[in-house]
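Okay, so the sequence shown: first residue is 233 according to the working numbering, each after it adds one.
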Amino acid sequence: MRIGLFCELTMRPEYVDEFLPLMQEHSTACPQEEEGCLAFRVGRDRDDPYMIRIYEEYRSWDDRVLHASTERYDTFNAKIDHMLSKVVVYEVNLHW
């Protein structure tokens with residue numbers, strides 16, 4: 233069964249210019265380098281410029297776990313952790 237992640241990242245205003253290129257690089261690399269990562273879409277909220285909304289889709293739960301265990305994932309999160317004031321993640325089983 234496919235797995236979907238819906239993430240809400242609230243950026244600290246002083247890090248917007250630094251954060252966005254890192255997010256673009258990460259979101260482009262994931263589906264290119266991970267066979268099980270089927271989609272990685274990033275959007276910026278229309279009303280709140282500091283809110284980033286992410287949709288990720290994985291072929292299976294194992295592929296989601298693999299994604300979170302990559303060196304790229306750890307490196308990316310280490311770079312951005314201090315740039316965020318809040319992170320909310322919803323994981324769902326995709327039915328269609």
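The beta carbon of each residue, even a glycine, is placed where N, CA and C say it ideally should be. These figures come from a predicted structure and were not determined experimentally.
- Query: CA-CA distance, D306 and W328?
  - Reply: The alpha-carbon atoms of D306 and W328 are separated by roughly 30 Å.
- For T302, which of C239, P253 and E267 has the nearest alpha-carbon? The shortest Cα separation from T302 among C239, P253 and E267 belongs to E267.
- Query: To which residues does DSSP link N325 through a beta bridge?
  - Reply: When beta bridges are read from the DSSP output, N325 appears opposite I235.
- Item | Distance CB(P263)-CB(A271) smaller than 8 Å | Closer than 8 Å, so yes.
- Backbone CA spacing between R296 and Y290 [nearest angstrom]: Roughly 6 Å separates the two Cα atoms.
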